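Peer 1:
2 protein chains.
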Amino acid sequence: MKALVLFSGGVDSTTCLAITVDKYGAENVIALSIGYGQKHERELDCAKKIAAYYNVRYKQLDLAPIFEDSDCSLLNSSDQDIPLESYAEQLSRTDGNPVSTYVPFRNGLFLASAASIALSNGCTEIYYGAHSDDAAGNAYPDCSKEFNDAVNSAIFIGSGNQLKVVAPFIGLTKAQVIAKGLSLDVPYKMTWSCYSGGNEPCGLCATCRDRAAAFAANGICDPAISAKS
Amino acid sequence: MKALVLFSGGVDSTTCLAITVDKYGAENVIALSIGYGQKHERELDCAKKIAAYYNVRYKQLDLAPIFEDSDCSLLNSSDQDIPLESYAEQLSRTDGNPVSTYVPFRNGLFLASAASIALSNGCTEIYYGAHSDDAAGNAYPDCSKEFNDAVNSAIFIGSGNQLKVVAPFIGLTKAQVIAKGLSLDVPYKMTWSCYSGGNEPCGLCATCRDRAAAFAANGICDPAISAKS
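If you read the protein sequences in the order shown, they are chains A and B.
For the first sequence, our numbering assigns the number 58 to the initial residue and increments by one for each residue that follows.
For the second sequence, our numbering assigns the number 58 to the initial residue and increments by one for each residue that follows.
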């Protein structure tokens with residue numbers, strides 16, 4: 058049994074990677090990272106190092122041309138600033154629409170790319186780290202359980218019943234993801250989540266806030282902040 | 058209302074393009090062609106010319122790196138020869154699996170790429186030319202009605218209910234697609250379908266045979282053969 062993991066180098070996908078290595082062995086796991094024109098590439102540097110730490114095959118794709126017309130604030134193609142506030146604050150103004158850091162259909166595109174690569178390499182499962190906090194309030198509609206069910210059907214049917222999508226955290230909060238990862242000794246100090254590209258996490262963007270709160274809920278400080286500051 | 062059309066330069070997607078131009082006007086249509094490491098690029102050359110004929114915006118992507126590990130016979134990455142026989146002959150030996158020219162999850166990947174680009178450009182619909190002949194016998198599972206329903210759900214939900222997939226030929230045969238196209242004066246002599254990259258269609262690969270039969274069912278010879286020979 059071989060699995061491909063969608064792997065950004067952040068908290069959630071690193072925990073996913075740890076689960077698959079624990080379950081199938083490093084030799085049966087491929088980690089796939091995807092550049093998409095984000096304003097910095099620190100997370101890709103971290104992803105490569107973490108894949109080496111776990112001794113899994115690492116593949117990297119560049120899909121930036123797909124987003125060249127997008128105005129998403131995470132991307133080079135946009136002049137919008139990345140909001141330095143929580144998702145709750147942002148969602149109070151979106152009228153039920155996605156937040157400005159929603160990259161158009163990113164998870165769908167990444168899963169479809171993963172499907173083509175998984176089928177080309179004899180993998181029968183794709184893992185990814187979507188969790189319930191990211192789906193809340195429709196901030197990222199491509200993280201929801203409903204999306205996961207639909208994309209899993211599309212990939213299973215469209216692959217001739219050869220490939221499944223596994224989203225082990227789809228019903229969990231980020232704090233619960235971290236609890237699972239701590240039990241597997243995930244090296245969280247090596248991960249990167251911050252939307253800004255500074256030398257250390259900004260602590261102010263929504264993902265920095267989410268991650269700090271999730272570690273705090275587990276009774277610890279974010280190891281990446283203490284490691285990098 | 059703006060639409061994006063997945064556009065290979067073949068019979069089905071050119072008919073799709075004609076339908077959207079007829080419905081929304083050329084200024085509201087984007088034609089998207091995707092290279093994927095196929096053994097020749099004749100269809101992309103044709104696609105560009107047909108997009109110019111219809112006066113629509115044309116975008117081209119290169120997703121070949123995604124298929125670099127694939128053994129699909131259509132691709133540069135494979136040493137397999139493209140079969141010079143009909144789908145029916147091939148399917149008699151596949152034991153219910155896809156044919157060797159099935160590019161792993163190609164339609165899923167192309168639709169997901171189209172979704173990201175459509176959302177970045179204010180389109181609310183994606184059109185593509187899947188039809189029932191290609192889905193028959195599980196030759197191309199990513200052309201089936203079941204796949205279309207699932208991928209439409211994934212794209213609608215994952216886009217925050219902003220984008221729909223339209224497959225106007227999902228219940229039609231290729232002969233019926235051509236009948237529709239003839240009523241819209243589609244310039245079929247400009248299209249290219251053959252899997253080989255010669256100066257004229259080989260007439261022997263499965264797609265050449267399918268296309269010739271579909272034109273014959275409409276009482277005419279394939280205009281591309283008479284135009285190019």
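Think of the CB as a built atom: it goes at the ideal place given N, C-alpha and C, for glycine as much as any other residue.
Since this is a predicted model, take the numbers as computed values, not measurements.
1. Going by C-alpha to C-alpha distance, which of PRO161/A, SER70/A, SER170/A sits closest to SER134/A?
2. Can you confirm whether the segment 234-249 of chain B touches the segment 67-78 of chain B when touching is taken to mean that 3 or more C-beta pairs between the two stretches lie within less than 8 Å?
3. Pick out whichever of ALA211/B, ILE212/B, PHE272/B has its Cα sitting closest to the Cα of LYS237/B.
4. In this structure, how does DSSP classify ASP190/A when only helix, strand and coil are distinguished?
5. Looking only at DSSP bridge pairs, what is VAL222/B linked to?
6. Between which residues of its own chain and ALA169/B is the CB-CB distance below 6 Å, once the five residues before and five after are set aside?
7. Does chain A have any CB closer than 7 Å to the CB of PRO161/B?
8. Would the segment 223-231 of chain A and the segment 245-262 of chain B be scored as touching if the rule is three or more Cβ pairs under 8 Å?
9. Any beta carbon from chain B within less than 7 Å of ILE87/A's own beta carbon?
10. Determine whether the Cβ of ASP69/A lies closer than 7 Å to any Cβ atom of chain B.
11. Closest Cβ-Cβ distance between ASN256/B and chain A: below 7 Å?
12. Using beta carbons (cut-off 7 Å, strictly below), is THR264/A in contact with chain B?
13. Considering Cα atoms alone, identify which of GLY94/B, ASN154/B, SER216/B is closest to ALA196/A.
14. Just to confirm, is the Cβ distance from GLY186/B to PHE226/B under 7 Å?
15. Hey, SER177/A and ASP126/B: beta-carbon distance below 7 Å or not?
16. Cβ atoms of PHE167/B and ILE91/B: under 7 Å apart, would you say?
17. Run through chain A and tell me which residues come within less than 8 Å of PHE204/B, C-beta to C-beta.
18. Which one of LEU261/B, SER253/B, LEU239/B, CYS103/B has the shortest CA to CA distance from ALA274/B?
19. Give, in chain order, every residue of the segment 167-189 of chain A whose Cβ lies closer than 7 Å to some Cβ of chain B.
20. Looking at the C-beta of ASP19/B, does it have a partner C-beta in chain A at a distance below 7 Å?
21. Closest to TYR144/B by CA distance: which of ARG99/B, CYS278/B, ASP191/B is it?
22. Using CA atoms only, rank isn't needed, just tell me which of PRO122/A, GLU100/A, GLU146/A is closest to GLY94/A.
23. Please state whether DSSP places GLN95/B in a helix, a strand or coil.
24. Does GLY194/A get closer than 7 Å to chain B when you measure Cβ to Cβ?
25. Taking the beta carbon of CYS265/B as the centre, do at least 16 other beta carbons fall within 10 Å, making it buried, or is it exposed?
26. What does the alpha-carbon distance come out to for the pair CYS259/A and TYR81/B?
27. Contact criterion: CB-CB distance below 7 Å. Does SER286/A meet it with respect to chain B?
28. Could you tell me the boundaries of the beta strand (DSSP E) in which LYS246/A lies?
29. Using a cut-off of 7 Å between C-beta atoms, extract the partners of ALA207/B located in chain A.
30. LYS80/A lies in the beta strand (DSSP E); which residues open and close that run?
31. Buried or exposed: GLN219/B, going by 16 or more other Cβ atoms within 10 Å of its Cβ?
32. For chain B, check one thing: does any of its Cβ atoms lie closer than 7 Å to the Cβ of ASP191/A?
33. Can you confirm whether VAL165/B, when its beta carbon is compared against all beta carbons of chain A, has any partner nearer than 7 Å?
34. Comparing the C-beta of ASP199/B with each C-beta of chain A, is any distance below 7 Å?
35. Evaluate ASP119/B with the Cβ neighbour count: other Cβ atoms within 10 Å of its Cβ, from every protein chain shown; 16 or more gives buried, anything less gives exposed.
Peer 2: A quick look at the data gives this:
1. PRO161/A
2. yes
3. PHE272/B
4. helix
5. ILE183/B
6. none
7. yes
8. no
9. no
10. no
11. no
12. no
13. SER216/B
14. yes
15. yes
16. yes
17. ALA211, ILE214, GLY215
18. LEU239/B
19. ALA169, SER170, ALA172, SER173, ILE174, LEU176, SER177, ASN178
20. No statement about residue 19/B is possible, as the shown extent of chain B runs from 58 to 286 and does not include it.
21. ASP191/B
22. PRO122/A
23. strand
24. no
25. buried
26. 46 Å
27. With a pLDDT of 47 at SER286/A, under the threshold of 50, the modelled position of that residue is not reliable, and the figure given next carries that caveat. No, its Cβ sits nowhere closer than 7 Å to a Cβ of chain B.
28. That residue, LYS246/A, is in no beta strand (DSSP E); it is neither H nor E in DSSP.
29. ALA207, SER210, ALA211, ILE214
30. Careful: LYS80/A lies outside any beta strand (DSSP E), inside the alpha helix (DSSP H) at 68-81.
31. buried
32. no
33. Looking at the sequence shown, residue 165/B is not Val but Gly. Yes, GLY165/B counts as interfacial toward chain A.
34. yes
35. exposed
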